[in-house]
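Numbering (our numbering), first residue to last: 10 to 160.
Note that the Cβ used here is the ideal one computed from N, Cα and C, for glycine as well.
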């Protein structure tokens, strides 16, 4: 399947203490087949539903890099994976649009585990897209080997 774009909204608000006004709580990431990347981070600001833009970036990672990324998302659609849900952590929503204009929508908990084969999509996107503290499908910002070593 040929993919035109992927849009991921990650929100790390969960049960527990209310975030501080300057805490980044939501991120919007769009990846286009042209290689173009759009990113907006939102801080808590004046409360839920009244987030404020904390940072915004637009850049191009090139067609060869984005081709590999979109191929992984195409495989993700075809793999029909189970989605994890939990009520005590944040959430993500993803809309994948193919070249025929058909949308494929997915949702899950912000706990990671979104993979294609042996590739963790969160860590792969963090390596390919130069944005600091990118949530994607998990709000834990440690590298995979740091998690395994308990650091």
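What residue range is occupied by the uninterrupted alpha helix (DSSP H) comprising residue i?
i, result
"residue 83", "72-88"
"residue 137", "130-137"
Could you spell out where the beta strand (DSSP E) holding residue i opens and where it closes?
i, result
"residue 66", "61-69"
Quick one: grab the DSSP three-state call for residue i.
i, result
"residue 102", "strand"
"residue 108", "coil"
"residue 36", "strand"
"residue 51", "strand"
"residue 19", "strand"
"residue 92", "coil"
"residue 147", "strand"
"residue 120", "strand"
Can you check whether the CB of residue j is closer than 8 Å to the CB of residue i?
i, j, result
"residue 86", "residue 42", "no"
"residue 40", "residue 51", "no"
"residue 82", "residue 15", "yes"
"residue 125", "residue 88", "yes"
"residue 93", "residue 74", "no"
Residues bridged to residue i by DSSP?
i, result
"residue 115", "103"
"residue 125", "128"
"residue 46", "40, 68"
"residue 12", "107"
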